[in-house]
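See below for the structure under consideration.
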Amino acid sequence: MFDPKFVSVTLDVQFDCLMADDCSNGPQSWDGALEWTGVDPFSHSAIGKIDHTRSPTDNTDLLDLSTKITAYSPVADPSATRWQADGEQIRCDTIFSTTPGCAFYKYGPTWVMTFEKTPPAVAHAWLIQSKLPDHPGSKAANKPMFFLPEADMNAPGRDPNKNRDVICPKNSDGTSWAGKFGNPRATTVPEISAGDKPSCDEFAYASSYNSGGMPGGIIGGMNPVASGDKCVQTYATRAAQGEWHLYDDERLASPTWSEVCGRSAMSGWINSTLMGGAFSSGFSGKYRLLDKEPYWVDSPKFGHCEAS
8 MFDPKFVSVT LDVQFDCLMA DDCSNGPQSW DGALEWTGVD PFSHSAIGKI
58 DHTRSPTDNT DLLDLSTKIT AYSPVADPSA TRWQADGEQI RCDTIFSTTP
108 GCAFYKYGPT WVMTFEKTPP AVAHAWLIQS KLPDHPGSKA ANKPMFFLPE
158 ADMNAPGRDP NKNRDVICPK NSDGTSWAGK FGNPRATTVP EISAGDKPSC
208 DEFAYASSYN SGGMPGGIIG GMNPVASGDK CVQTYATRAA QGEWHLYDDE
258 RLASPTWSEV CGRSAMSGWI NSTLMGGAFS SGFSGKYRLL DKEPYWVDSP
308 KFGHCEAS
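Its first residue numbered 8, the sequence shown is counted upward by one per residue in my numbering.
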């Protein structure tokens, strides 16, 4: 509902093709007037259509379809813009996958971590996000996570596994750092996953420019560290069925909370379940995240908690 003093509001909607010189716009058509009155604005709707035609002359993979909406009121100066929205760009691509698809790429999606299956991994991410000054992925702090796709799809050609190797280096026999150097009290869940072993969980994620393992400079890492030893060190144990605790690893120096990353020893099944297919094919695939695109990380189960 808008203020009745406006009398009415008329929208001017402009569609356009960006990122491509070989795209043209057809005429707009609407099934209703683009004018809303203050009597009952929700009783009126208008659906518009426009055809964009493209005849590509090269192998350009990106097409940006822009929408700019401007609202006017007759009681205002005719040249005065009362409201304007120009962030509705739709990007279509064949970069994320060979199957063409489109996304509202300026909309920063939110990755909601599944607490019920993986409570210690979510607790670890929440703690690091809440306590450290870079607050990776926090919408409240306006500190988005920036997606780092596979090496052949990101600008520096950086393999995300290289970031993981910095924070969670494998032992000489190829086993997880956590099995040899992580706190031995870390609990696994062999009754869920046979052969479950301790694993190294890191936050911010290796597949991000926020990762402590991502080099700075021209590579673009935001919080580079030389080793995961520089991170906040924790481990997760199961006190009872369904009850998990996240502890400071007291074998090492206590956190100063000025660190830029977190490293935790916990169940490998829990670690991989949180960020496995649910993120790579579900979340990042659904929103067709490309190199350096922002997204948020949320853990609503901890919304009532105080990080101190």
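The C-beta atom is built at its ideal place from N, Cα and C for all residues, glycine as well.
Please read all numbers here as calculations on a predicted model, not as lab measurements.
Residue span of the alpha helix (DSSP H) that contains residue i, given as start and end
{"i": "N170", "result": "P167 to I174"}
{"i": "W43", "result": "No alpha helix (DSSP H) contains W43, which is instead part of the beta strand (DSSP E) from E42 to T44."}
{"i": "Q136", "result": "P126 to K138"}
Boundaries of the beta strand (DSSP E) in which residue i is found, first to last residue
{"i": "T280", "result": "Segment G275 to M282 is the alpha helix (DSSP H) holding T280; no beta strand (DSSP E) there."}
{"i": "G186", "result": "G186 -> not in any beta strand (DSSP E); alpha helix (DSSP H) instead, spanning W184 to F188."}
{"i": "S31", "result": "C30 to N32"}
{"i": "L253", "result": "E250 to D255"}
{"i": "T117", "result": "T117 to V119"}
{"i": "P205", "result": "P205 to F210"}
{"i": "R295", "result": "Where R295 is concerned, there is no enclosing beta strand (DSSP E), given that its DSSP letter is neither H nor E."}
{"i": "D100", "result": "I97 to D100"}
{"i": "R61", "result": "H59 to R61"}
{"i": "R245", "result": "V239 to A247"}
Outcome for residue i when other beta-carbon atoms lying within 10 angstroms are tallied against a minimum of 16
{"i": "T337", "result": "Only positions 8 to 315 of the chain appear in this structure, which leaves residue 337 out of reach."}
{"i": "R192", "result": "exposed"}
{"i": "A147", "result": "exposed"}
{"i": "F49", "result": "exposed"}
{"i": "D100", "result": "buried"}
{"i": "Y302", "result": "buried"}
{"i": "P126", "result": "buried"}
{"i": "C312", "result": "exposed"}
{"i": "A233", "result": "exposed"}
{"i": "P34", "result": "exposed"}
{"i": "A211", "result": "buried"}
{"i": "N377", "result": "In the structure as shown, the chain begins at 8 and stops at 315. Residue 377 is therefore absent and cannot be evaluated."}
{"i": "A213", "result": "buried"}
{"i": "S179", "result": "exposed"}
{"i": "K187", "result": "exposed"}
{"i": "L259", "result": "exposed"}
{"i": "P197", "result": "exposed"}
{"i": "E257", "result": "exposed"}
Separation of residue j from residue i, as counted between CA atoms
{"i": "S62", "j": "K75", "result": "24 Å"}
{"i": "F103", "j": "D58", "result": "24 Å"}
{"i": "W118", "j": "Y112", "result": "15 Å"}
{"i": "P167", "j": "I174", "result": "11 Å"}
{"i": "C139", "j": "G283", "result": "The sequence given here places Leu at residue 139; Cys does not occur at that position. Taking the straight line from one Cα to the other gives about 25 Å."}
{"i": "P11", "j": "L18", "result": "16 Å"}
{"i": "L253", "j": "S137", "result": "15 Å"}
{"i": "P262", "j": "I135", "result": "11 Å"}
{"i": "D294", "j": "P156", "result": "Position check: residue 294 holds Tyr in this sequence, whereas Asp was assumed. About 13 Å."}
{"i": "D255", "j": "S265", "result": "15 Å"}
{"i": "S15", "j": "I226", "result": "51 Å"}
{"i": "W251", "j": "I277", "result": "12 Å"}
{"i": "C238", "j": "P222", "result": "15 Å"}
{"i": "A149", "j": "P143", "result": "Position check: residue 149 holds Asn in this sequence, whereas Ala was assumed. So the two alpha carbons sit approximately 9 Å from each other."}
{"i": "G235", "j": "R270", "result": "7 Å"}
Own chain, CB closer than 7 Å to residue i, minus 5 neighbours either side, in chain order
{"i": "N230", "result": "D141, N217, G219, V267 and C268"}
{"i": "T194", "result": "A243, T244, R245 and S274"}
{"i": "N32", "result": "F22, D23, C24, I57 and H59"}
{"i": "S306", "result": "M120, F122, V129, A132 and W133"}
{"i": "G189", "result": "P205, C207, Y242 and A272"}
{"i": "S315", "result": "none"}
{"i": "H51", "result": "G39 and W43"}
{"i": "G115", "result": "P151, P301, Y302 and W303"}
Same chain, Cβ closer than 6 Å to residue i, five either side skipped, listed in chain order
{"i": "A53", "result": "W37, G39 and L41"}
{"i": "K308", "result": "F122"}
Sequence-distant residues of its chain with Cβ nearer than 8 Å to residue i (five each side left out)
{"i": "L72", "result": "F22, D23, C24, L25, H59, Q96, I97, R98, C99 and C109"}
Test: residue i CB closer than 7 Å to a CB of chain D
{"i": "L70", "result": "The structure shown has no chain D; it contains just one protein chain."}
task: Spell out a yes or no on whether the segment 243-251 and the segment 171-183 are touching, meaning 3 or more CB-CB pairs, one atom from each, closer than 8 Å.
output: Judged by pairs of C-beta atoms under 8 Å, the segment 243-251 does not touch the segment 171-183, as fewer than three such pairs exist.
query: Are there three or more Cβ pairs, one per stretch, closer than 8 Å when the segment 298-305 is compared with the segment 142-160?
result: In short, these stretches touch, since the Cβ pair count reaches three.
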